[in-house]
Amino acid sequence: MANTSIGFGYLNPEGAALMLTTLGLGFEVMSAMNSSPWTAENFGADEAKAASCWKYTLHATAINAAMGAGASILTKTWWPLIGTSVVSVYMAYTYRQALNRGMAAGNTDWHNNGGGGSSGASRSPWSLSKKDA
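In our numbering, the protein residues as written are 1241 to 1373.
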């Protein structure tokens, strides 16, 4: 008879549900602590903003590790820690890649992006100001 309990070596429906739940929660922590990677790419050449983005990425990674470890201890399965670890590694890679692209393009803010975007002199398509019309 197969062992159906949640254990450190089994991926059963309960383990899969725990992993999927912590995957989702891991992304929620990342999005609560940081702007999107697309945003990071738009200011990657601003050293202070890039450092701040990376600091919050590391904070979110630490929170995810603690959340995954705590859930793994409580449930006696590795799957919550695996779920939060997968998200943390993927998002740290994604943010680092976005910041590097922004640095390479010379992007420092929304209007000073070295990738051929607005120089700041043209009207933003998202502007709500009537004087920009």
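Cβ coordinates follow ideal geometry from the N, Cα and C atoms, glycine included. Treat the numbers as computed from the prediction; the structure is a model and nothing was measured.
Which residue comes first and which comes last in the alpha helix (DSSP H) that contains residue i?
i     : result
L1289 : According to the sequence displayed, residue 1289 carries Lys and not Leu. That run of the alpha helix (DSSP H) goes 1287-1315.
S1325 : 1319-1345
Measure the alpha-carbon distance for residue i versus residue j and round it to whole angstroms.
i     : j     : result
V1326 : H1299 : 16 Å
G1255 : T1317 : 7 Å
T1261 : P1320 : 8 Å
Y1335 : G1342 : 10 Å
P1350 : P1253 : Note on identity: in this sequence residue 1350 is Trp, with Pro being the wrong assignment. The straight-line gap from Cα to Cα measures roughly 45 Å.
E1287 : A1311 : 36 Å
Confirm, please, whether the CB-CB distance from residue j to residue i is below 8 Å.
i     : j     : result
N1274 : N1347 : no
T1324 : A1302 : no
G1264 : S1328 : no
With a threshold of 6 Å on Cβ separation, who are the neighbours of residue i within its own chain once the five nearest residues in sequence on each side are excluded?
i     : result
L1339 : A1280, G1284, A1290
G1357 : Only weak support exists for where G1357 lies, its pLDDT of 44 falling under 50; the coordinates are left without a value.
May I ask you to report which of helix, strand or coil DSSP gives residue i?
i     : result
T1348 : coil
G1264 : helix
S1271 : helix
G1255 : helix
For residue i, would you say it is in contact with chain B, using Cβ-to-Cβ distances shorter than 8 Å as the test?
i     : result
S1325 : The structure shown contains no chain B; it is built from a single protein chain.
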